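Engineer: So the protein lines, in turn, are chains D, P, V and G.
Using my numbering, the first residue of the first sequence is number 1, and each one after it goes up by one.
Using my numbering, the first residue of the second sequence is number 215, and each one after it goes up by one.
Using my numbering, the first residue of the third sequence is number 429, and each one after it goes up by one.
Using my numbering, the first residue of the fourth sequence is number 643, and each one after it goes up by one.
There are 4 protein chains.
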Amino acid sequence: MSVEEKDSQQPAPKKGRGQSGSVSRRLILDVAAAMFSAQGFTETSMREIAAKAGMRAPSVYYHFTSKEQILSEILSIAIRSTNLAVRESVERLPADAAPRRKIEAAVGAHVRSLHRNIHYTATSVRYQGQVPQEVALNVRADRETYADYWQQLLAEAAASGDLSPTINRQFLQPLILGSMNHTINWYDAGRGNLEELILTVLALFKGMWPHQDR
Amino acid sequence: MSVEEKDSQQPAPKKGRGQSGSVSRRLILDVAAAMFSAQGFTETSMREIAAKAGMRAPSVYYHFTSKEQILSEILSIAIRSTNLAVRESVERLPADAAPRRKIEAAVGAHVRSLHRNIHYTATSVRYQGQVPQEVALNVRADRETYADYWQQLLAEAAASGDLSPTINRQFLQPLILGSMNHTINWYDAGRGNLEELILTVLALFKGMWPHQDR
Amino acid sequence: MSVEEKDSQQPAPKKGRGQSGSVSRRLILDVAAAMFSAQGFTETSMREIAAKAGMRAPSVYYHFTSKEQILSEILSIAIRSTNLAVRESVERLPADAAPRRKIEAAVGAHVRSLHRNIHYTATSVRYQGQVPQEVALNVRADRETYADYWQQLLAEAAASGDLSPTINRQFLQPLILGSMNHTINWYDAGRGNLEELILTVLALFKGMWPHQDR
Amino acid sequence: MSVEEKDSQQPAPKKGRGQSGSVSRRLILDVAAAMFSAQGFTETSMREIAAKAGMRAPSVYYHFTSKEQILSEILSIAIRSTNLAVRESVERLPADAAPRRKIEAAVGAHVRSLHRNIHYTATSVRYQGQVPQEVALNVRADRETYADYWQQLLAEAAASGDLSPTINRQFLQPLILGSMNHTINWYDAGRGNLEELILTVLALFKGMWPHQDR
DNA sequence: AATGAATGAGCCTTCATTCAT
DNA sequence: CATGAATGAAGGCTCATTCAT
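Dropping the structure here:
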């Protein structure tokens with residue numbers, strides 16, 4: 001339920017606290033992410049979050065200035081952790097790996113990250129562009145950074161000839177990411193095999209590559 | 215913004231004040247669908263809906279018994295109209311058309327229906343499985359009918375050998391539909407060409423078909 | 429459910445109508461009395477009354493100018509019919525009957541009237557002095573007329589020596605009437621014998637009469 | 643206006659703002675009892691209750707979960723306090739007191755309790771069996787306990803021969819209690835003498851006792 | 001770090017009533 | 001006589017948030 005993200009961009013509440021805020025802080029985020037993804041943001045009350053975190057509503061305000069800040073942080077964590085996982089997975093390939101292989105690695109890492117931090121990422125996917133103004137501003141930069149990385153991968157593939165020229169590149173990235181993101185709505189980790197899901201996605205997407213292999 | 219759906223369960227009124235009648239009813243649905251898809255269900259108040267429909271909140275209750283009933287009806291209309299459009303498009307093919315052609319026709323019709331009734335369908339997609347209990351019950355039947363139709367198309371394709379055997383059929387339908395549905399989150403009708411979007415989807419999905427054509 | 433009261437003090441709605449207003453009018457009163465006594469005045473809506481009377485709410489306004497007028501008329505009918513029944517029963521005695529016998533006759537008639545027109549009288553008892561200002565004014569006169577009649581019976585009994593002098597006459601009338609009126613809260617016509625109830629009341633009240641008989 | 647009842651199911655708060663604590667709770671009950679008995683339950687709004695208690699409506703919900711819970715608690719307090727007062731008064735008699743004396747003591751205690759906590763008991767009497775389902779369930783047990791106690795007193799009197807055999811015992815208890823309860827509708831503490839009211843009640847009810855004394 | 005108590009804002013809904021037809 | 005449609009008023013209740021302790 002928790003996430004590997006370590007640093008928090010909020011200034012530490014009061015007294016110097018080494019790394020990232022109290023345990024309560026992370027607990028609140030975890031609890032809130034679980035509830036936001038299950039019931040929605042507005043449908044989850046601060047009292048409910050507090051109760052599940054073992055405290056009363058006013059206590060939450062010691063750690064966060066508002067409900068929206070909680071959402072904002074969840075979204076950031078979701079996007080950043082996926083961003084990080086995808087980059088690491090691509091960089092783990094040999095330096096001269098084919099662009100196609102890089103994209104396939106990215107697909108795998110993206111799906112895996114999605115379902116590893118399901119509460120965070122589900123919240124993130126659900127609230128794409130529907131969040132309150134203020135939250136949107138905080139998160140937009142992270143989203144764009146991630147989108148840019150994919151655009152870069154696709155550009156490399158196009159340049160190398162790996163990418164089929166019959167495909168409209170303007171539509172490609174949202175289609176691919178959207179397709180994967182949507183799996184949070186139906187893929188049940190308890191009843192399926194995640195690696196097989198990834199293989200299916202890759203098989204379905206074979207249309208991207210003009211030079212059929214195998 | 216409106217939809218081709220005809221029947222309503224209210225007995226058709228005669229001739230109200232001015233020229234109203236069931237016109238108010240449809241107007242409320244249109245307005246509500248637009249707001250639900252843009253801001254969300256809970257974030258939209260009955261007062262707002264009423265205001266945009268040119269009346270006061272209590273008047274809405276003359277036509278609908280609750281806010282949830284409005285949502286329920288929007289979801290039904292969305293699903294039924296897409297269902298209808300897809301079936302018609304498939305049935306318009308020659309009786310002996312290849313299963314693959316049927317699926318391609320279905321993809322086109324689904325995407326077109328999605329973006330033709332964007333407010334209704336966006337509401338529907340956004341609230342997949344997150345709607346209040348009571349609403350879910352009303353809509354479940356329609357959703358299942360539609361899902362069954364796709365399963366049937368895929369089964370035919372598998373039987374005829376059109377469908378690649380390397381693809382996990384359990385994951386196929388949600389992946390395809392999810393990918394298309396997700397386009398409502400990013401495809402902007404004002405700035406793109408819908409038919410080209412469809413072609414891109416079909417191209418991306420070529421992995422489905424083992425016998426590469428062209 | 430209906431009542432023997434014939435004349436209504438409301439001016440006949442529009443066109444001359446012989447005696448008392450339409451059948452609908454009486455039907456509405458009957459239905460309203462039943463609901464007021466069962467659920468209370470505020471808890472009964474005009475829509476409910478209309479529905480049980482086989483019409484829609486606005487139609488009720490053809491017969492009555494407001495919900496309060498309906499209540500007002502029910503209360504009047506209840507009090508007047510009991511008043512009438514009690515007087516008739518006393519006057520049916522021989523002219524020289526003992527005051528005690530008159531009071532006993534009045535007790536019997538009061539209880540009988542109470543339970544014959546139970547919906548009307550129950551409404552009346554329940555809303556003793558709790559009705560909206562305007563309604564109270566309309567009904568006060570009727571109530572006082574009836575109370576005066578009992579005071580007169582008691583005065584006669586006191587004058588004749590029938591009434592025990594050890595009883596505070598100031599408290600007697602409300603105690604007697606209250607005791608009888610309260611029976612509408614518990615006496616179930618379907619499961620008891622009304623005449624026996626009356627006998628029990630008379631037996632309980634024997635304390636009134638100092639000269640024990642039988 | 644207040645009542646001797648002590649326990650509340652809320653955990654006793656520590657020390658609120660100023661000197662509140664459970665004080666607000668009791669204040670709300672007192673205020674609500676006064677308004678319910680004067681205007682009725684439905685006719686009293688939470689906003690009114692709050693205003694008379696010196697707060698705003700939402701604050702009331704900190705102490706009670708619903709308007710009905712307030713009613714429920716008022717009814718419980720009314721019935722329990724009367725129950726307690728009556729029992730104590732009977733138990734204060736010599737152990738070998740005649741059943742008749744016990745009943746007379748009970749009558750006195752009941753009437754005194756009724757008019758001592760007039761707002762609570764008036765609410766209770768007014769809403770005999772007309773309260774919302776959920777409230778009825780909470781209070782039924784208390785009511786039955788009290789009714790049973792009276793039945794027991796009457797049974798003792800019957801067994802000892804104190805009670806007149808010509809009186810239908812099935813009707814006796816509701817007649818007696820109803821008569822006393824009804825006094826809340828007309829007896830004005832400011833203008834009468836409560837002990838004299840009790841004596842009048844006892845005198846009126848002499849019919850119960852076949853062996854006339856004094 | 002936490003919380004008891006309170007509150008402004010606002011929401012969904014119901015209701016008595018109106019009015020043109 | 002009756003009603004379809006609409007509305008001002010108000011009601012019960014929830015919520016995010018505050019603040020003194």
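The C-beta atom is built at its ideal place from N, Cα and C for all residues, glycine as well.
None of these values were measured; they are calculated from a predicted model.
Compute the beta-carbon to beta-carbon distance between Ile28/D and Phe64/D, rounded to the nearest angstrom, for a pair I have assumed lies under 8 Å.
Structural biologist: 7 Å
Engineer: Under 9 Å between C-beta atoms, does Thr183/D make it to chain P?
Structural biologist: Yes, Thr183/D lies at the interface with chain P (some Cβ there is under 9 Å from its Cβ).
Engineer: Taking all protein chains shown into account, do 16 or more other C-beta atoms lie within 10 angstroms of the C-beta of Pro700/G, making it buried, or fewer, making it exposed?
Structural biologist: exposed
Engineer: Taking a cut of 7 Å between CB atoms, which residues from the region 183-205 of chain D lie near chain P?
Structural biologist: Thr183, Asn185, Trp186, Glu196, Leu197, Thr200, Val201, Ala203, Leu204 and Phe205
Engineer: Would you give the residue range spanned by the alpha helix (DSSP H) that Glu88/D belongs to?
Structural biologist: Lys67 to Glu91
Engineer: Compare the C-beta of Ile167/D with all C-beta atoms of chain P and state if any pair is closer than 9 Å.
Structural biologist: yes
Engineer: Under 9 Å, do Val274/P and Ile284/P count as touching if we go by C-beta distance?
Structural biologist: yes
Engineer: If the criterion is Cβ atoms closer than 9 Å, does the pair His610/V and Gly820/G meet it?
Structural biologist: yes
Engineer: Does the beta carbon of Thr42/D come closer than 9 Å to any beta carbon on chain P?
Structural biologist: By this cut-off, Thr42/D is an interface position.
Engineer: For Val857/G, report the span of its alpha helix (DSSP H) as first-last.
Structural biologist: Residue 857/G is absent from the structure shown; chain G starts at 643 and stops at 856.
Engineer: Buried or exposed: which applies to Pro165/D, given that a residue is buried once 16 or more other Cβ atoms fall within 10 Å of its Cβ?
Structural biologist: exposed
Engineer: Identify whether Ala555/V lies in helix, strand or coil by the three-state DSSP scheme.
Structural biologist: Reading the sequence as shown, one finds Tyr at residue 555/V and not Ala. Three-state result, Tyr555/V: coil.
Engineer: In three-state terms, what does DSSP make of Asp310/P?
Structural biologist: coil
Engineer: For Leu307/P, which residues in the same chain have their Cβ closer than 7 Å to its Cβ, ignoring the five residues on either side in sequence?
Structural biologist: Arg315, Lys316 and Ala319
Engineer: Would you please verify whether the beta carbon of Pro741/G is less than 9 Å from any beta carbon of chain V?
Structural biologist: no
Engineer: Consider the Cβ of Met677/G: report whether some Cβ of chain V lies at a distance smaller than 9 Å.
Structural biologist: For Met677/G, not one C-beta of chain V is nearer than 9 Å to its own C-beta.
Engineer: Are the C-beta of Ile28/D and some C-beta of chain P separated by less than 9 Å?
Structural biologist: no
Engineer: State the DSSP-derived secondary structure class of Arg191/D, mapped to helix, strand or coil.
Structural biologist: coil
Engineer: Where does Ala267/P fall in DSSP's three states?
Structural biologist: Coil, per DSSP.
Engineer: Taking C-beta to C-beta, are Pro527/V and Asp458/V nearer than 9 Å?
Structural biologist: no
Engineer: Which full runs of the beta strand (DSSP E) of 3+ residues lie inside the region 335-382 of chain P, going along the chain?
Structural biologist: none
Engineer: Go through its chain and collect everything with a Cβ distance to Glu68/D's Cβ below 7 Å, but skip five positions before and after it.
Structural biologist: Pro132, Glu134 and Val135
Engineer: Alpha carbons only, please: which of Leu408/P, Leu386/P and Val353/P is nearest the one belonging to Gly343/P?
Structural biologist: Val353/P is the residue among Leu408/P, Leu386/P and Val353/P whose C-alpha sits nearest the C-alpha of Gly343/P.
Engineer: Which residues in the same chain have their Cβ closer than 7 Å to the Cβ of Met474/V, if we skip the five residues on either side of it in sequence?
Structural biologist: Excluding residues within five positions, the ones whose Cβ falls inside 7 Å are Ala485, Val488 and Lys495.
Engineer: 9 Å is my cut-off, CB to CB: does Leu726/G come that close to chain V?
Structural biologist: no
Engineer: Going by C-alpha distance, which of Val125/D, Arg26/D and Ala97/D is nearest His110/D?
Structural biologist: Closest option to His110/D, Cα to Cα, is Val125/D.
Engineer: With DSSP run on the structure shown, which of helix, strand or coil describes Phe41/D?
Structural biologist: coil
Engineer: If I measure Cβ to Cβ from Lys648/G and keep anything under 7 Å in the same chain, skipping five residues before and after, which residues do I get?
Structural biologist: Model confidence at Lys648/G stands at a pLDDT of 40, short of 50, so the residue's coordinates are unreliable and nothing is read from them.
Engineer: Just how far apart, CA to CA, sit Arg214/D and Ile263/P?
Structural biologist: The pLDDT assigned to Arg214/D is 43, lower than 50, so where the model puts this residue is not dependable; a value taken from the coordinates is nonetheless given after this. So the two alpha carbons sit approximately 56 Å from each other.
Engineer: Quick check: what's the CA-CA separation for Asp784/G versus Arg722/G?
Structural biologist: 7 Å
Engineer: Just to confirm before moving on: does the CB-CB distance between Glu257/P and Thr44/D stay below 9 Å?
Structural biologist: no
Engineer: DSSP state of Asn545/V, grouped into three classes?
Structural biologist: coil
Engineer: By DSSP, does Ser222/P sit in helix, in strand, or in coil?
Structural biologist: The predicted model places Ser222/P with a pLDDT of 39, which falls under 50 and marks its position as unreliable; any figure quoted below should be read in that light. Here Ser222/P sits in coil by DSSP.
Engineer: Ile317/P CB to nearest chain D CB: under 9 Å?
Structural biologist: No - not a single Cβ of chain D is within 9 Å of the one on Ile317/P.
Engineer: To the nearest angstrom, how far is it from the Cα of Arg26/D to the Cα of Leu726/G?
Structural biologist: So the alpha carbons of these two residues sit roughly 53 Å apart.
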